[in-house]
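The structure under discussion appears below in the form of structure tokens.
There are 2 protein chains.
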Amino acid sequence: MEVKSIFDGIEDFELEKMLKCFEARKMTFKKDRTIVTNIINVKTVGIILSGTANMIRYDYNGNRSIIEKLETNSVFGEVFSRLGSDISVIATSDCEVLFIEYEHIIKRCKKGCSYHSTLTNNVLKLLSSKIVELNQRLEILSKRTIRDKLLSYFELLANDNPRRTFNLPFTYTDLADYLSVDRSAMMREIKNLKEEGFIKTNGRHISLMSY
Amino acid sequence: MEVKSIFDGIEDFELEKMLKCFEARKMTFKKDRTIVTNIINVKTVGIILSGTANMIRYDYNGNRSIIEKLETNSVFGEVFSRLGSDISVIATSDCEVLFIEYEHIIKRCKKGCSYHSTLTNNVLKLLSSKIVELNQRLEILSKRTIRDKLLSYFELLANDNPRRTFNLPFTYTDLADYLSVDRSAMMREIKNLKEEGFIKTNGRHISLMSY
DNA sequence: AAAAACTAGTTGCATGTGCAACAAAAAAGA
DNA sequence: TCTTTTTTGTTGCACATGCAACTAGTTTTT
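Shown next, in the form of structure tokens:
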């Protein structure tokens, strides 16, 4: 079975003890607020308990890139993004975030919390699926044309649905950032894809045509 | 301290017991031989004990992409690359590879091997640093021009050396694949960077100029 | 030692893409 | 409701990039 949360399989009463043992801090953030800036050298791991956020970067030309879309239950922190430039995590909806020192997760619990190994296990699986996601995005970004980037991303989204139909999980503006391409060029290419019969769109609802 | 190998901190005599318990299989591969093809659905994890390999993909246009450079001690397998297309791992030098069922790594050892938790810990750290690497490559690929891709990759390599000087870890041909750009266009851009005084090159030895 | 394979370096050309600058529609806020 | 902000959609233009096609040099294989 797939692990959804870092706390999967841990009973509530155990969880409470564990969080105290970890000195975990829970904070809430309104939409668009900054959860962390300058993520470099932060030895704290954040877990998004509810809501969503984006890990973004502004490079020296002022281009915004979405490094990572953080969904509920995502884990983020220094270890997950040692990058040279200006990284922040911005809430894209109201969020609850739990902060835990990284060492608590990586090390065996000295006090012997019985569910610690479950936690480690969960983190392992979450990290694995993060690697999968990163590889997926890499595959998309390694395409050389906007057309191929769009198609491989759409293909990914359509895979879940036998009717090869899906809803874009973000705005077209954000999609351009995610694909790391110019928005207007992307819109032009989407228009071409429509005219050539590869896709149909209705707002953010998109259908892939089978050949 | 940084974890180099999945077996860091595990005594030799323990290691031997552990590998038996895991039913680990060691295989050797000559340079350029295929270690695995069609990596999808492989429930086995490979650990490169010596040598190097590339995880590569040919997309439907026949373009080769290096998904990942696997150094000694790298871990690879299904979980680390769920991709739609044709993925293989190719030895770039003579290699020894250890294969272990993924389940053995993710689960607690039923027989209670005492060093199992060390192993888990090591895997966790290795996965974290893999995520870092993937994020680094993502940062590079998210640059929109060949120039910016080159410069941010060079910056990364130069960071280790105060003289801002380094050796390319692969051929220019492979560099183009790694950056996912056309080789001739890349060579052209390197020439421009030289002419404009941003870099100096001598074969694969490159120096970044400080402004 | 000769042949084959690979790597580095170049160029012309067509075109895909980034950029700037809009306008209209939709969504969010007051 | 009216106002403001965000998103979508479009276009002209300059130029960066992919592609094809070479040559020369280097390395590997036989």
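If you're matching them up, the sequences are chains A and B in order. Here the first sequence stands for residues 90 to 300, where the numbers follow this note's numbering. Here the second sequence stands for residues 90 to 300, where the numbers follow this note's numbering. Each residue gets a CB set at the ideal place from its N, CA and C atoms; glycine is no exception.
In this structure, the alpha-carbon of A/M276 lies about 28 Å from that of B/R272.
The stretch 174 to 189 of chain B and the stretch 116 to 125 of chain B touch, with three or more beta-carbon pairs separated by less than 8 Å. When the five nearest sequence neighbours on each side are left out, the beta carbons in the same chain lying within less than 8 Å of the beta carbon of B/Q225 are those of L245, in order along the chain. A/E190: member of the beta strand (DSSP E) spanning C184 to E190, first to last residue.
Its chain contains I99 and E103 as the residues whose beta carbon lies nearer than 6 Å to that of B/Y204, once the 5 sequence neighbours on both sides are disregarded; these appear in chain order.
Listed along chain B are L213, each with a C-beta nearer than 7 Å to that of A/V212. Taking the CA atoms as reference points, A/Y267 sits about 10 Å from A/L239.
For A/M298, no beta strand (DSSP E) run applies, since DSSP gives it neither H nor E. Shortest Cα-Cα distance from B/A142 to any of B/F287, B/L227, B/I179 and B/N291 involves B/I179. Listed along chain A, no residue sits closer than 8 Å to B/L159 by beta-carbon distance, the nearest being about 13 Å off. For B/T262, the CB contacts under 8 Å within the same chain, skipping 5 residues up- and downstream, are R272 in chain order. Here DSSP, grouped into helix, strand and coil, assigns B/N211 to helix. Burial is judged here by how many other beta carbons sit within 10 angstroms of a residue's own beta carbon; B/N211 has at least 16 and is buried. The residue among A/I176, A/T181, A/M107 and A/S241 with its C-alpha nearest the C-alpha of A/F118 is A/T181. What A/L239 touches in chain B, judged by beta-carbon distance under 8 Å, is nothing: the nearest beta carbon there is about 14 Å away. Ranked by Cα distance from B/T254, the first of B/K214, B/T290 and B/A265 is B/T290.
The beta-carbon of A/N224 is placed less than 8 Å from the nearest beta-carbon of chain B.
Distance from the CA atom of B/S177 to the CA atom of B/I145, rounded to whole angstroms, is 6 Å. A/F96 places its beta carbon 8 Å or farther from that of A/G135.
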